[in-house]
Structure formats: C-alpha cells, structure tokens
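Residue numbers (our numbering): 1 to 68. C-beta: ideal position from N, C-alpha, C; glycine also. Worksheet: one structure, shown below.
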C-alpha cells in the first residue's frame with residue numbers, strides 16, 4: 001500500500017492510540033490549570049495541560065520527521 005490508504009491507516013491508528021491513552025490517563029485538572037467558578041459561571045482553561053500536550057506532540061512529530 002502506498003499513498004493515501006497508508007496515510008489514512010496511520011492517522012487512524014494514531015487517533016485510536018490517543019483515545020485509548022485518554023481513557024486511562026487523567027490529563028485534565030493539573031496544577032497550573034486555570035479554574036474559576038463564580039455563581040452560575042464556570043471558566044476552565046487547561047494551561048499546563050496544553051503545554052504538556054504541545055511538548056509531547058512536538059517530540060513525536062520530530063521523531064517521525066527524523067526517521068522519514
């Protein structure tokens with residue numbers, strides 16, 4: 001297989017692995033995430049979680065491009 005089918009299978013496998021990891025790894029509500037609750041309004045911004053996800057994705061994409 002070459003081209004588009006291989007790419008779609010790879011993307012599907014990556015999405016499956018991310019979903020599987022999210023099921024067992026509670027990544028939200030880390031120290032440093034912004035959570036404000038006042039009355040009926042709730043504001044949540046996962047600041048530290050976003051940084052961690054960005055670092056992990058950057059490392060994975062770097063490794064993929066390195067071996068390509």
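Report yes if the CB atom of residue 47 is closer than 8 Å to the CB atom of residue 32, and no otherwise. For residue 47 and residue 32, yes; Cβs fall inside 8 Å.
Reduced DSSP category for residue 36 - H, G, I as helix; E, B as strand; rest coil: strand
So, with DSSP's three-state summary, where would you put residue 10? helix
Bridge partners - residue 44, DSSP secondary structure assignment: Paired residue(s): 35.
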